[in-house]
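Report on one structure; see the data block that follows.
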Amino acid sequence: MDSKDEGSAPCSSPVYVHNPHLDALKEDILYHFSLGTETHNLQDMFGDVKFVCVGGSPWRMKAFTEYIAAELGMEDPESEYPNICAGTDRYAMYKVGPVLSVSHGMGIPSIAIMLHELLKLLYHAKCTDVTIIRIGTSGGVGLEPGTVVVTKQSVDPTFQPRFEQVILGKTVVRNTDLDQSLAEDLLQCSKELNQFKTVVGNTMCTLDFYEGQARLDGAFCSYTEKDKQEYLTKAQEAGVCNIEMESSVFAAMCKLSGVRAAVVCVTLLDRLKGDQLGSSHEVLHSYQQRPQILVGYYIKKQLNAKAAKDS
1 MDSKDEGSAP CSSPVYVHNP HLDALKEDIL YHFSLGTETH NLQDMFGDVK FVCVGGSPWR
61 MKAFTEYIAA ELGMEDPESE YPNICAGTDR YAMYKVGPVL SVSHGMGIPS IAIMLHELLK
121 LLYHAKCTDV TIIRIGTSGG VGLEPGTVVV TKQSVDPTFQ PRFEQVILGK TVVRNTDLDQ
181 SLAEDLLQCS KELNQFKTVV GNTMCTLDFY EGQARLDGAF CSYTEKDKQE YLTKAQEAGV
241 CNIEMESSVF AAMCKLSGVR AAVVCVTLLD RLKGDQLGSS HEVLHSYQQR PQILVGYYIK
301 KQLNAKAAKD S
């Protein structure tokens with residue numbers, strides 16, 4: 001099985017997995033995708049994939065597929081895009097041209113399971129030069145609602161850039177750096193779009209939506225408004241621009257696999273000013289479209305540049 005140092009990915013590279021046990025498998029069953037190496041020709045199905053966009057909601061990822069199809073002009077935007085993972089109700093997957101769109105559910109455990117199988121899928125399909133981008137929503141820290149945050153580093157609730165996982169009873173710590181050149185490219189794309197404010201900053205990844213994010217409106221709360229404000233102010237001083245629940249394991253696993261990766265999340269509220277979403281459905285929907293607009297523009301720009309180079 002291929003192995004590789006945990007440094008930055010080269011300009012042109014395959015997707016790496018680090019598991020010698022896979023070689024002994026007659027068939028690798030990607031259970032939560034309802035796919036397998038014996039039942040499906042993964043290279044034929046996915047070998048041309050260059051961009052993978054992942055997000056929590058199946059509906060949002062289907063909407064992104066329809067959006068990117070229209071942007072790229074590769075297929076009729078009125079077409080129906082079948083869910084490749086229709087054999088399971090865990091995740092949804094859609095494909096248009098070289099762009100794969102996959103839902104990951106909510107929280108670190110859900111996205112981690114998806115990423116294990118996604119990275120193996122890309123490995124078995126012999127994909128190269130893959131970029132994976134998480135698009136989603138978040139709570140802002142000192143930012144106006146609707147601001148898009150491109151993650152510089154994912155940090156834990158103590159503001160450290162690390163992802164910790166217990167494996168065989170021992171705590172394993174992994175790096176959560178993301179591709180800085182990709183982050184700068186995305187920031188430049190936002191400037192060219194000139195449609196909404198985009199910043200690059202740290203993203204705090206938590207294990208919980210309520211107490212883990214210092215909310216006062218959960219079923220349990222043992223701290224005061226003053227405690228909350230002091231904590232979020234410390235987070236802001238540590239460079240935290242937003243809070244969500246998937247970026248740390250996403251950054252760690254993508255780095256291990258040698259793929260370029262980015263996290264692009266819109267802020268739905270400023271957590272320094274409140275805990276609950278008070279904006280209308282229409283406003284929130286318009287905010288949620290911003291990451292897909294930015295990432296869609298980036299993908300289109302990259303594909304146009306490659307086409308011009310190849311012509």
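Numbering (UniProt numbering), first residue to last: 1 to 311. Beta carbons are placed, not taken as given, at the ideal position from N, Cα and C, and that holds for glycine.
With distances taken between CA atoms, Pro-82 lies nearest to Trp-59 out of Asp-48, Trp-59 and Val-15. Comparing C-alpha distances from Lys-152 to each of Val-141, Gly-201 and Leu-193 shows the shortest one belongs to Gly-201.
Under the three-state reduction of DSSP output, Ile-299 falls in the helix class. According to the DSSP assignment, Asp-270 belongs to the beta strand (DSSP E) that extends over 260-270. DSSP lists Arg-174 as the bridge partner or partners of Phe-163. If you check the CB distance, Val-199 and Leu-187 come in under 9 Å. The Cβ atoms of Lys-255 and Asp-177 lie closer than 9 Å to each other. Nearest Cα to Leu-72 within the set Asp-28, Asn-304 and Tyr-31: Asn-304. Burial is judged here by how many other beta carbons sit within 10 angstroms of a residue's own beta carbon; Tyr-287 has at least 16 and is buried. Beta-bridge annotation (DSSP): Tyr-94 is paired with Ser-101. Residues of the same chain with a CB within less than 8 Å of the CB of Ala-235, apart from the 5 flanking positions on each side, are Val-141, Phe-159, Met-204 and Ile-243 in chain order. Met-61: member of the alpha helix (DSSP H) spanning 58-72, first to last residue. With contacts defined by Cβ atoms closer than 9 Å, Tyr-91 and Leu-100 do not form a contacting pair. Membership of Phe-51 in the beta strand (DSSP E) is indicated by the continuous run 51-55. Distance between Asp-179 and Pro-161, taken at the CA atoms: about 14 Å.
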